[in-house]
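Residue numbers (my numbering): 42 to 133.
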């Protein structure tokens with residue numbers, strides 16, 4: 042007789058390995074990478090890449106930092122931001 046907890050743990054590993062096999066071998070089209078993004082659709086910047094030792098950094102990080110600053114300013118320095126913080130963003 043085998044204990045049901047042991048069987049359940051073993052079945053978890055079987056399910057894990059079967060699903061990994063299906064995902065990696067059956068459900069793929071064996072492409073090594075995604076297609077190239079056209080330069081017109083990319084936010085890539087040669088200036089940012091040269092500053093960061095040719096990493097994949099692009100203008101999106103600058104946009105995100107600016108958006109964070111704007112949100113900080115709105116929440117910390119405006120009356121509406123004080124009202125939002127006072128009620129915890131709760132509309133009730």
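Quick reminder that beta carbons are idealized off the backbone N, C-alpha and C, glycines included.
- In the three-state scheme derived from DSSP, where H, G and I count as helix and E and B as strand, residue 44 is classed as coil.
- Linking residue 118 to residue 98 through their CA atoms gives a straight-line distance of about 31 Å.
- Using a Cβ distance threshold of 8 Å, residue 126 and residue 116 count as a contacting pair.
- Residue 120: member of the alpha helix (DSSP H) spanning 120 to 128, first to last residue.
- When the Cα atoms are used, residue 64 and residue 124 turn out to be separated by approximately 49 Å.
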